[in-house]
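With the working numbering, letter number 40 in the sequence shown gets 1387, and the count goes up by one each step, no holes.
Heads up, the beta-carbon is just placed ideally off N, CA and C, and yes, glycines get one too.
Reading through the structure tokens given below for one structure.
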Amino acid sequence: MSIDTRRPHPDDFGPHPAAPLPELPGHSSRGRLERVLRRGEFAVTAELNPPDSANPDDVLERVKPFEGWVDAINATDGSGANCHMSSVAICALLTRVGYSPVFQISCRDYNRIAIQGNVLGAAALGVCNVLCLSGDGVQSGDHPEAKPVFDLDSTALLSTIRTMRDEQRFLSGRKITTPPAVFMGAAANPFVPPYDFRPINLAKKIQAGAQFIQTQYCFDVPLLERFMARIRDMGLHEKCFILVGVGPLASARTAKWMRSNVPGVHVPDDVIKRLEGAQDQKEEGKRLCIDIIQQVREIKGVAGVHVMAYRQEEYVAEIVHESGVLAGRTPWRRDMEPSPIPHEEIVAAQ
């Protein structure tokens, strides 16, 4: 497999991998994800399966398949209500070596005091992207006896972080000396009822501060097209960047299990039939993901894809490469050389 290359954009580098990029007018962060999206390039993000470990090398090992193929990496926050290494810790480790992580915050586990403190701490560590989530119910995870918090919902969480960033104050009204410079995201699920409510709910999140959206898995492109038509009618695609969730299915059995057991996942019958009819179901699941990406990129208003390849991370490079969505550019990777362009020219190029 050959790697698509291009001359790195000036935004791609700093004097050190973890150094903040120069401030740009109209940008809320110094992160690469926001820059890629605002340049109008089709963005690719991926989801990191967090380790059940306190070893930082376990995180860096798991992220290797994404190098040079994705613009940002989501550090999940107790997804499925299961306990793993914390999102803020993973983000700190990734930022330290130059990756662009997305800090996920679940309302399920924190009150407003903890949330605001975590946002400040993450920003101080160089984290530039925050994804605000409600969180799966504790009854679905490995600690069903846990007490959920839900002091805020995801929309109130967006509003809270926007207040911290833009008004430079806590919810209590107390002043923040240096506000968190973060690019704010939220989740959306166009694939389950009530379908008419989904665009309305998305509009509320955008009004609360969402600048980018990552959706649930898309296995039904016609359903996504209907959702996006409504989004365009409401003008929401001009107010935020929408990244559609995609991922490979390992088998028809996996697809059936996800449909029955993963909240919010919709897998149509024709997808299961396609997998059942394949000689190599895993390969067909990968091909299906590539096909969906190529269809999704043609939908007006879609700004990128969010690849969720749970326990199939080794296929992310192939999927992104074969889909052709990077259009000849290469996202940051650790073996890239520092930019030969002088700093003065980098700033001028903005």
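Here the segment 1461 to 1471 lies against the segment 1514 to 1529, with 3 or more beta-carbon pairs under 8 Å apart. By the CB criterion at 8 Å, Leu-1635 and Val-1652 fall outside the cutoff. Partner residues in a beta bridge of Ser-1607, as assigned by DSSP, do not exist. Ile-1589 is positioned such that its CB atom lies no closer than 8 Å to that of Val-1667. Look at His-1374 here: in three-state DSSP terms it is coil, with no helix or strand label. Pairing Asp-1567 with His-1613, the inter-Cα distance amounts to about 8 Å.
Look at Phe-1588 here: in three-state DSSP terms it is strand. Looking at the backbone, the Cα of Val-1539 and that of Pro-1448 are separated by about 28 Å. Taking 4 residues as the minimum length, the alpha helix (DSSP H) runs contained wholly in the segment 1554 to 1580 are 1568 to 1580, in order along the chain. Counting along the chain, the unbroken beta strand (DSSP E) around Thr-1392 starts and ends at 1390 to 1395. Linking Phe-1544 to Asn-1429 through their CA atoms gives a straight-line distance of about 29 Å.
Within the same chain, Cβ atoms closer than 7 Å to the Cβ of Ser-1670 are found at Ile-1637, Ile-1640, Gln-1641, the five residues on either side in sequence being excluded. Counting only the Cα atoms, Ala-1393 lies some 21 Å from Asn-1402. From the listed residues Pro-1526, Leu-1571, Ala-1535, the smallest Cα separation to Gly-1482 is found for Ala-1535.
With at least 16 other beta carbons inside 10 angstroms of its own, His-1431 counts as buried.
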